[in-house]
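In this note's numbering, the protein residues as written are 34 to 115.
Beta carbons: idealized from backbone N, C-alpha and C, even for Gly.
Contents: one structure, followed by commentary.
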């Protein structure tokens, strides 16, 4: 009955998001900047298989960060400067 169900299904069917776990979307939860980086890059490239710079652009995003490669790609594409 959610007014956005069709849009959420579209995001899921195109692998832009996998939700918040347990086959839930959790629309009331906050989205982090890292998660938004994943959404944006997946929307642009339609894949998680892409090249990205291995040397961190940002001091607060080390290579061990869960969204490192997507954040790096956002910067490499000039979409963000931090």
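- Ranking 86, 101, 49, 66 by CA distance to the CA of residue 109 puts 86 first.
- DSSP places residue 52 in the coil class of the three-state scheme, outside both helix and strand.
- The C-alpha of residue 48 is placed about 18 angstroms away from the C-alpha of residue 107.
- By the neighbour-count criterion, in which a residue is buried when 16 or more other Cβ atoms sit within 10 angstroms of its Cβ, residue 101 is buried.
- Taking the Cβ atoms as the reference, residue 115 lies roughly 5 angstroms from residue 91, within the contact range of under 8 angstroms.
- At the C-beta level, residue 72 and residue 97 stay beyond 8 angstroms of one another.
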